[in-house]
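First residue of the sequence shown: 67, per the numbering used here; consecutive thereafter.
This report concerns only the one structure given below.
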Amino acid sequence: MEILVCLKQVPDDSVELHLKPGTQEVNLEGVTPVVNAFDTYALEMATRLKEAVGGSITAITIGPEGAKDAVKTCLAVGANQGCLITDPSFEGADTLGKSKILAAAIRKLEADAGKPFDLIFCGREATDKATGQVGPQLAEALGVGVVTDLVDIQQTDAGVQAKQETEEGYRLVDAPLPCVVTVNKPPYDPRYPTIKSKLAARKMPIPTLDAAALGGVAPGAAGSHVVKVYEPAKRQAGVKLKEETCEETVAKAIAMMADAKVL
Numbered sequence: 067m068e069i070l071v072c073l074k075q076v077p078d079d080s081v082e083l084h085l086k087p088g089t090q091e092v093n094l095e096g097v098t099p100v101v102n103a104f105d106t107y108a109l110e111m112a113t114r115l116k117e118a119v120g121g122s123i124t125a126i127t128i129g130p131e132g133a134k135d136a137v138k139t140c141l142a143v144g145a146n147q148g149c150l151i152t153d154p155s156f157e158g159a160d161t162l163g164k165s166k167i168l169a170a171a172i173r174k175l176e177a178d179a180g181k182p183f184d185l186i187f188c189g190r191e192a193t194d195k196a197t198g199q200v201g202p203q204l205a206e207a208l209g210v211g212v213v214t215d216l217v218d219i220q221q222t223d224a225g226v227q228a229k230q231e232t233e234e235g236y237r238l239v240d241a242p243l244p245c246v247v248t249v250n251k252p253p254y255d256p257r258y259p260t261i262k263s264k265l266a267a268r269k270m271p272i273p274t275l276d277a278a279a280l281g282g283v284a285p286g287a288a289g290s291h292v293v294k295v296y297e298p299a300k301r302q303a304g305v306k307l308k309e310e311t312c313e314e315t316v317a318k319a320i321a322m323m324a325d326a327k328v329l
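Right, dumping it as structure tokens:
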């Protein structure tokens with residue numbers, strides 16, 4: 067099975083981020099970029115599928131030259147080859163524009179290899195903007211089906227069977243190939259690279275594709291516009307009560323809420 071995994075570099079979400087004073091721009095100075103968490107789930111699911119049925123995984127990302135580090139991270143934990151899509155004209159593209167660029171890159175890779183991708187994995191959403199739009203928009207650009215919010219997947223005679231998480235629970239969805247899938251948090255964690263796999267990944271070449279290589283593709287007009295970026299207001303710390311007994315604690319809480327006129 068020929069598998070492709072789309073990934074994105076995002077700011078480390080373990081770091082508290084703030085806006086630059088007087089602007090609507092996030093201050094990323096000193097913040098290390100990492101592979102989007104949902105994309106690591108997608109890669110792990112893709113790797114498990116490859117181990118079960120055989121095949122190859124290609125990892126791709128859109129970004130600056132430094133985004134090659136994200137591709138190398140994927141090469142160390144399951145991907146067989148990777149590609150960086152980079153061009154000054156791609157900077158600032160919204161999800162619709164990025165989906166068009168990804169679709170053009172996928173068609174280019176398929177043409178060069180002489181065979182199509184059977185399955186394209188995306189993370190459910192990126193942790194920096196959390197739109198969840200790229201997977202469905204990419205499927206539309208490629209003219210294939212999409213199944214979202216996967217937590218498991220298996221190959222079948224007719225294609226794949228995906229376990230999809232819904233608001234009510236889970237359901238099984240059968241889909242023909244090729245198709246795009248987006249991955250939620252599965253019941254297992256992504257694997258860690260070994261020292262040997264890290265060293266091997268560092269030596270692997272990462273080819274790049276620019277706008278010219280993709281036939282002059284351009285993001286086009288944005289399909290969405292950011293109206294405002296702001297930091298959420300800080301919430302006042304709550305009051306902790308600890309009386310001698312539970313009854314006294316409850317009575318004290320009721321009295322305080324009555325004084326504050328919230329009861």
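Cβ coordinates follow ideal geometry from the N, Cα and C atoms, glycine included.
Assigned secondary structure, residue i (DSSP; H/G/I helix, E/B strand, else coil)
i: F183; result: coil
i: L307; result: coil
i: L150; result: strand
i: Y107; result: helix
i: S122; result: strand
i: L94; result: coil
i: T161; result: helix
Host beta strand (DSSP E) of residue i (start-end)
i: I261; result: No beta strand (DSSP E) holds I261; the alpha helix (DSSP H) holding it covers I261 to K269.
i: A228; result: G225 to E231
i: A319; result: Looking at the DSSP string, A319 is not in any beta strand (DSSP E); the run it does join, the alpha helix (DSSP H), is C312 to D325.
i: T248; result: C245 to V249
i: L238; result: Y236 to A241
i: V76; result: Q75 to P77
i: V137; result: From DSSP, V137 is part of no beta strand (DSSP E) but of the alpha helix (DSSP H) over K134 to L141.
Proximal residues to residue i (C-beta, below 6 Å), its chain only, five neighbours per side dropped
i: V76; result: N102, A192, T193 and D194
i: D295; result: Note on identity: in this sequence residue 295 is Val, with Asp being the wrong assignment. Closer than 6 Å at the Cβ level, and outside the excluded window around V295, lie Q90.
i: S263; result: A142
Pick from the options that is closest to residue i, judged by C-alpha positions
i: N146; options: V210, T124 and A169; result: T124
i: E206; options: L162, P253 and A284; result: L162
i: M111; options: F183, G189 and P99; result: G189
i: V14; options: M323, P298, V293 and P253; result: The displayed coordinates of the chain run from 67 to 329. Any statement about residue 14 would go beyond what the structure contains.
i: V246; options: D160, G88, D79 and V226; result: V226
i: Q230; options: D223, L175, I320 and V217; result: V217
i: E95; options: L208, D105 and V81; result: V81
i: I69; options: K262, K318, A179 and N250; result: A179
i: P298; options: L73, E234, L83 and V143; result: L83
i: G286; options: S165, V210, I272 and N250; result: S165
i: D27; options: T214, P99 and K86; result: Within the shown structure, residues of the chain are numbered from 67 to 329, placing residue 27 beyond reach of any answer.
Same chain, Cβ closer than 8 Å to residue i, five either side skipped, listed in chain order
i: M270; result: K138, L141, Q147 and G148
i: A277; result: D153, S155, F156, V283 and A284
7 Å CB neighbourhood of residue i in its chain, flanking five on each side removed
i: A170; result: L280, G281 and V283
i: D160; result: A288, G289 and S290
| field | Minimum length 4: unbroken alpha helix (DSSP H) runs contained in the region 194–229 | value | Runs found: 200–208.
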